[in-house]
Structure formats: structure tokens, C-alpha cells
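Residue numbering for the sequence shown is 7 to 279, as defined by the working numbering.
The next block holds one structure in the form of C-alpha cells; read it before the comments.
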Amino acid sequence: MIRDTYMTTGEFAKLMKVSKHTLFHYDDIGLFCPEILGENGYRYYSIYQMETLDTILLLKKSGMSLQEIKDFLEHRSSENFMKIFDVKQKEIDQEISRLLAMKEWMSQRKAKIQYMQKCDFSEIKVIYHPERYYLYEEFTDTDTTDKEFMLKINKLISKLEELDRGYDYDVAYMQFPQEIENSVYDGYHNAILLLQKKIQDVSVSVLPKGNYLSAYHVGHWENIGETYERLLAYIKEHKIKTEGNYLEYYVVDNFTAKQIEDYVTEISIKIQE
Numbered sequence: 007m008i009r010d011t012y013m014t015t016g017e018f019a020k021l022m023k024v025s026k027h028t029l030f031h032y033d034d035i036g037l038f039c040p041e042i043l044g045e046n047g048y049r050y051y052s053i054y055q056m057e058t059l060d061t062i063l064l065l066k067k068s069g070m071s072l073q074e075i076k077d078f079l080e081h082r083s084s085e086n087f088m089k090i091f092d093v094k095q096k097e098i099d100q101e102i103s104r105l106l107a108m109k110e111w112m113s114q115r116k117a118k119i120q121y122m123q124k125c126d127f128s129e130i131k132v133i134y135h136p137e138r139y140y141l142y143e144e145f146t147d148t149d150t151t152d153k154e155f156m157l158k159i160n161k162l163i164s165k166l167e168e169l170d171r172g173y174d175y176d177v178a179y180m181q182f183p184q185e186i187e188n189s190v191y192d193g194y195h196n197a198i199l200l201l202q203k204k205i206q207d208v209s210v211s212v213l214p215k216g217n218y219l220s221a222y223h224v225g226h227w228e229n230i231g232e233t234y235e236r237l238l239a240y241i242k243e244h245k246i247k248t249e250g251n252y253l254e255y256y257v258v259d260n261f262t263a264k265q266i267e268d269y270v271t272e273i274s275i276k277i278q279e
């Protein structure tokens with residue numbers, strides 16, 4: 007054995023920047039074996055094996071499993087190379103799309119939280135909203151428990167997630183003016199997913215653009231009637247004409263609040279033009 011040509015496992019591992027355990031494992035599974043196994047049981051790697059290990063490490067970095075790499079090396083050809091890399095490129099493109107969608111979602115969520123950090127929840131204010139879109143799920147007379155409500159909401163969320171496009175959304179509810187004016191504050195007949203932008207090729211409902219009168223309720227939704235009464239009094243005092251349904255959704259939820267008593271619900275209704 008020419009010493010200048012061969013290295014021990016430790017020497018080869020250090021040169022290739024891998025662990026000895028990695029080389030032992032590759033040997034055990036028949037992926038990459040030492041060129042010489044000494045009588046003393048020591049493994050010796052040739053300097054000419056560096057290129058093969060470089061190939062293995064590169065393929066592993068591309069996302070191939072060790073078994074896929076082993077199969078490729080045993081049947082390597084330009085045709086197999088092209089087939090495998092075509093598949094891996096598609097997988098990488100899908101992962102890039104997923105990461106970009108997640109990045110966009112994070113940016114949208116951060117912008118909402120930053121806005122809420124500056125918001126005075128005691129104020130009733132006019133907020134301009136561009137056209138918004140939503141997915142709608144109606145509750146039936148048999149949907150009477152919190153569990154049934156949550157199942158309906160989860161159905162909407164699952165529908166959105168099937169699109170795999172990283173859309174940000176808020177779970178919201180529409181309340182009918184006639185019920186609110188009759189002090190019925192828990193008449194939840196529907197749930198919606200409020201979207202910040204339209205989903206292509208999917209049928210969505212539209213909230214018209216315009217000025218919306220908004221009030222904020224801090225605490226459990228069971229006490230939300232107090233905020234509705236404050237909002238109705240404001241509308242009456244300032245002789246504001248409104249149209250459409252009331253919209254409720256959390257602007258502070260479990261992302262930043264530890265308990266439901268710290269949640270903040272925005273209640274808004276469109277001001278008649």
C-alpha cells in the first residue's frame with residue numbers, strides 16, 4: 007500500500023469534512039466503501055475516491071435519499087442523471103413556492119400586528135378598506151354547539167389550504183343588523199374566511215370597498231354586546247347611515263394573546279355613501 011495514495015478513515019473524513027460515523031454508515035449500507043480493508047480491520051480510502059464521495063454529498067444536498075443515490079451510482083448514465091434531476095428540479099421549484107408563500111404570509115401577519123400595536127381600542131373610528139374577498143360557510147339550525155361551529159370553520163380553512171398558496175386569512179362572522187338592533191348579539195349564522203386578496207379561479211364573495219365604522223371589543227365574545235351598544239349609540243349620536251351586515255373578526259388572537267380575555271375583536275359596518 008502506497009501511503010501517499012491511501013488515508014485512514016480519520017484522515018479521509020477530516021479531508022472531506024465529514025464525520026467518521028458517516029463513512030462507517032456509508033460502508034455498512036454498501037453506498038461508499040473503503041478501497042482497502044486491512045488485516046487489522048482498519049479501513050483505507052484512496053485519494054481517487056474523493057470524487058465519488060463529492061458526488062454522493064452533492065446528490066445528498068440536492069435532496070436525494072441515500073437509497074436513491076446508491077441506485078443511481080449502480081446504474082449511472084446520462085439518461086438516468088437527466089431523469090433524476092428533472093424530478094429534483096420540480097421538487098425544488100415547489101419548495102421555493104412554498105417558502106415564498108410562507109414569507110408573504112409572515113409579512114402580512116407582521117403588518118397586522120404592527121398596526122394593532124399602535125391602535126387605541128377605546129376609539130370608534132372610520133377605516134377605509136379596499137375591496138375584500140371571503141369564503142362563506144352558513145350554519146344550519148342544527149349547528150348549535152361550539153364544536154359544530156369549529157367543524158364548519160375548519161372546513162373553510164381546509165378548503166383554503168388545499169389551494170396551497172399561502173394566503174393569509176382571518177376567521178370572521180357576519181351579524182345581521184335587524185338582530186343587533188334587537189339586542190341579539192349571539193345569533194351567529196355563518197362563518198367566513200376574510201382574505202386580503204382575491205384567489206384566482208376560485209369563486210369568492212366580495213366585501214365592497216369604502217369607509218367602515220369600526221369599534222373594538224376587548225375580552226370574551228360572550229360580552230361583545232357591550233361594544234355593539236357603544237357602536238349603536240355612536241351611530242345614533244352622529245346620525246351615521248350604514249348598510250350591509252356587521253363584520254366581526256379577531257385582530258388580536260392566540261398569535262399574541264395567551265388567553266381569550268386578551269383577545270380583541272373588531273366590529274365594523276360599511277358607511278352608506
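Glycine included, every Cβ here is placed at the ideal spot set by N, Cα and C.
None of these values were measured; they are calculated from a predicted model.
Please state whether the Cβ-Cβ distance between histidine 195 and threonine 271 is less than 7 Å.
Going by C-beta atoms, histidine 195 is not nearer than 7 Å to threonine 271.
When every heavy atom of the ligand FMN is checked, does at least one fall within less than 6 Å of the C-beta of glutamine 95?
By its list of ligands, the structure shown contains no ligand whatsoever, and the ligand FMN lies outside what it can speak to.
Kindly list the residues whose CB is nearer than 8 Å to the CB of glycine 193, restricted to its own chain and excluding five residues on each side of it in sequence; keep chain order.
For glycine 193, same chain residues with a beta-carbon under 8 Å away, outside a window of 5 residues either side, are Gln181, Phe182, Glu185 in chain order.
For aspartate 176, which residues does DSSP report across the bridge?
Bridge partners of aspartate 176: Leu200.
Residue from Met22, Tyr121, Val190 with nearest C-alpha to glutamate 228:
Comparing Cα-Cα distances from glutamate 228 to each of Met22, Tyr121, Val190, the minimum goes to Val190.
Phenylalanine 18 versus aspartate 92 - alpha carbon distance
One C-alpha to the other measures close to 32 Å.
Which residue's Cα is closest to the Cα of leucine 37: Leu237, Ser71, Glu137?
When each option's Cα is compared against that of leucine 37, the closest is Ser71.
Three-state secondary structure (DSSP) of isoleucine 230:
In the three-state reduction of the DSSP assignment, isoleucine 230 falls in the coil class, being assigned neither a helical nor a strand state.
Taking the alpha helix (DSSP H) that serine 113 falls in, what are its first and last residues?
Serine 113 -> alpha helix (DSSP H) spans 84 to 123.
Glutamate 167 burial status per 10 Å Cβ neighbour count (16 or more: buried)
The residue in question, glutamate 167, is exposed, as its Cβ has fewer than 16 Cβ neighbours within 10 Å.
Less than 7 Å between the beta carbons of tyrosine 134 and asparagine 217, yes or no?
Yes; because the gap between Cβ atoms is below 7 Å, this pair is in contact.
Closest by C-alpha distance to isoleucine 159, when choosing among Phe127, Asp126, Phe78, Leu199:
For the residues Phe127, Asp126, Phe78, Leu199, the minimum Cα distance to isoleucine 159 belongs to Leu199.
Given 8 Å, three or more beta-carbon pairs between the stretch 232 to 240 and the stretch 196 to 215:
With a cut-off of 8 Å, the stretch 196 to 215 and the stretch 232 to 240 do not count as touching, because too few Cβ pairs lie within range.
Assuming proline 136 contacts lysine 215 (C-beta within less than 8 Å), just tell me the rounded distance between them.
Confirmed, Cβ separation roughly 5 Å.
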